[in-house]
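Student: This is the structure I want to talk about, given as structure tokens.
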Amino acid sequence: MKITAPKGTRDILPDEVARWQWVERTFAETCALYGYQEIRVPTFEHTELFQRGVGDTTDVVQKEMYTFEDKAGRSLSLRPEGTAGVVRAYVENGLASQPSPLRVYYNITAFRYENVQKGRYREFHQFGAEAFGAAGPAVDAEQIHLLDQYFKKLGLAKTSLHINSIGCPVCRTAYHDILRDYLRPHLGTLCETCNVRFDKNPLRVIDCKVDRCKAITQEAPALLDHLCPDCQNHFDSLRRHLDLLGIEPVIDRGIVRGLDYYTRTVFEFVSKHVGTQGTICGGGRYDGLVESIGGHPTPGIGFALGVERLLMELAAQGVEPSDGGGIRLYIASMEPTRDEAAVLCARIRDMGIAAETDLIGRSLKAQMKYAAKKARHVLVLGEDEAASGQARLRDLSQGTEVDIDLNDLASIRRHFSDGR
RNA sequence: GUGGGAUUAGCUCAGUUGGUUAGAGCGCCAGAUUGUGGCUCUGGAGGUCGUGGGUUCGAUUCCCAUAUCUCACCCCA
């Protein structure tokens with residue numbers, strides 16, 4: 251029986267890895283510009299961390315976690331997201347004692363047991379960043395700006411920023427009552443799930459995709475219009491900061507993040523190409539989270555970016571990494587010159603130039619065909635060249651040739667100094 | 001958890017109204033008078049037709065189950 255990759259997992263093959271490395275490298279560079287340092291945290295944690303951090307009423311924790319017992323009977327879970335583990339590390343390692351605000355970023359895989367569809371996998375990749383210890387909206391704006399710059403660097407266009415405020419525990423409780431009062435007469439019309447949501451978390455009704463629910467919620471009072479003075483001030487101030495940075499957000503009263511820890515600012519970068527999984531990046535403020543994990547009350551904000559979705563969007567927009575990869579020089583050899591070719595290849599590599607030579611005794615013609623597919627330049631090292639020390643370096647894409655002296659490695663290096 | 005579509009070569013897909021050795025294109029490997037790629041021509045390797053049952057003299061084809069892929073709902077990145 252053939253063994254296949256488990257449902258919801260996939261291989262990232264050599265041909266696409268250049269794209270991954272490109273977005274990873276660019277993300278790390280962008281984060282560094284904003285003072286974010288990388289943090290690496292465990293792939294699995296105590297299940298309780300996610301119950302407390304992400305929230306044990308969320309679908310993510312209730313239905314989608316890969317939870318197992320280890321041999322000592324501990325309940326562990328593969329991380330379904332990155333923030334909880336980072337907050338745990340922040341508290342456990344006393345990072346609060348470092349200069350504030352503390353900014354960290356990460357590049358992780360996360361795991362959720364759910365049905366697979368376009369842009370959604372059971373093992374998926376996230377880039378994320380968290381900032382601890384800054385309560386004001388300036389850090390919110392800075393993080394959004396970081397993402398905006400990141401997308402610009404990649405050459406991504408047409409991705410819109412949606413922002414909302416979901417208030418603090420105080421204004422949210424008050425709002426729940428207002429919303430329930432509005433929805434109560436419509437309970438008969440609302441879908442089944444929304445009836446459950448009405449009791450559990452009425453905020454979610456706003457997010458329902460069912461047409462008849464949408465019709466009702468369109469007129470519903472929005473949390474954004476019922477913020478307490480502090481939250482209102484925070485939101486207004488955030489908009490001013492974004493304006494200063496030249497960022498125009500869409501105010502979207504419908505953004506309701508599904509993780510319990512969010513407070514006040516929530517935001518999403520949305521694409522038009524990835525279908526209903528169009529949220530490439532989602533984030534927000536979580537002012538109560540550090541405390542609920544056992545740390546001192548500390549404000550925080552962070553985001554997570556779905557790498558698979560980002561790559562899909564880049565592909566849909568036809569954006570390609572600038573560097574193509576592949577080897578730069580193929581050294582073709584013949585039976586009597588195999589040793590010379592191996593030595594020359596080693597010397598070229600020593601100079602930091604990616605080079606290859608035949609390993610499987612192919613004919614010259616077959617070597618040329620191979621080189622045409624894999625390399626930018628080719629150099630034929632036959633008996634004549636080995637004897638005279640003179641060879642021709644051909645640029646396969648241009649069809650041009652130059653004579654080079656095989657004993658003058660510095661001159662060979664010059665031919666590659668333009669990066670081609 | 002729910003619903004639709006799909007599953008034949010490494011990839012994209014034909015096909016058999018049920019009948020001996022299952023096809024194409026691309027890709028891969030090799031050759032076209034022994035030292036030069038992309039074009040062309042020729043040849044080759046590669047498939048127990050997703051898996052397990054059932055019907056039948058006979059199943060890749062019909063029926064059932066199951067797995068996987070895929071799209072959507074839910075939820076999320």
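Under our numbering, the letters of the first sequence match residues 251 to 670, in that order.
Note that CB positions come from ideal geometry on N, CA and C, so glycine has one too.
1. Between the alpha carbons of residue 448 and residue 454, how many angstroms are there, rounded?
2. Determine contact between the segment 294-306 and the segment 585-593, defined as no fewer than three beta-carbon pairs at a distance below 8 Å.
3. I need the straight-line Cα distance from residue 348 to residue 340, nearest angstrom please.
4. Which residues does DSSP pair with residue 287 in a beta bridge?
5. Give a yes or no on whether the C-beta atoms belonging to residue 530 and residue 492 are separated by under 8 Å.
6. Please report how far the alpha carbon of residue 653 lies from the alpha carbon of residue 570, in whole angstroms.
7. Please report the straight-line C-alpha distance between residue 631 and residue 651, rounded to a whole angstrom.
8. Give me, in chain order, the residues of the same chain whose beta-carbon lies closer than 8 Å to that of residue 451; leave out the 5 immediate sequence neighbours on both sides.
9. For residue 391, which of 480, 485, 583 has the nearest alpha-carbon?
10. Buried or exposed: which applies to residue 515, given that a residue is buried once 16 or more other Cβ atoms fall within 10 Å of its Cβ?
11. On the criterion of 16 or more Cβ atoms from any shown chain inside 10 Å, does residue 320 qualify as buried, or is it exposed?
12. Just verifying my parser: in three-state terms, what is the DSSP assignment at residue 622?
13. Kindly list the residues whose CB is nearer than 8 Å to the CB of residue 426, restricted to its own chain and excluding five residues on each side of it in sequence; keep chain order.
14. Which ranges does the beta strand (DSSP E) cover as unbroken runs of at least 3 residues, wholly within the segment 394-477, from first to last along the chain?
15. Could you check if residue 667 is buried or exposed, using at least 16 other CB atoms within 10 Å of its CB as the buried criterion?
16. Relative to the alpha-carbon of residue 260, which residue among 312, 281, 359, 318 has its alpha-carbon at the smallest distance?
17. Please report the Cβ distance between residue 418 and residue 355, rounded to the nearest whole angstrom; I am assuming they are in contact, meaning their Cβ atoms lie under 8 Å.
18. In chain order, which continuous runs of the beta strand (DSSP E) of length 3 or greater are located wholly inside the segment 563-623?
19. With 16 as the cutoff for other CB atoms within 10 Å, does residue 510 come out buried or exposed?
20. Hey, residue 579 and residue 656: beta-carbon distance below 8 Å or not?
Tutor: With the structure as the only source:
1. Straight-line Cα distance between these residues: approximately 8 Å.
2. Here the segment 294-306 does not lie against the segment 585-593, with fewer than 3 beta-carbon pairs under 8 Å apart.
3. 10 Å
4. 354
5. When the beta-carbon positions are compared, residue 530 and residue 492 stay at least 8 Å from each other.
6. Cα to Cα, the separation comes out at about 34 Å.
7. 14 Å
8. Spatial neighbours of residue 451 in its own chain (CB-CB distance under 8 Å, excluding positions within 5 residues in sequence) are listed in chain order as 307.
9. 485
10. buried
11. exposed
12. helix
13. 452, 453
14. 410-415
15. Exposed, because fewer than 16 other Cβ atoms sit within 10 Å of the Cβ of residue 667.
16. 359
17. Their Cβ separation, rounded to whole angstroms, is 26 Å, which puts residue 418 and residue 355 out of contact at 8 Å.
18. 577-583, 605-607
19. buried
20. Not closer than 8 Å, so no.
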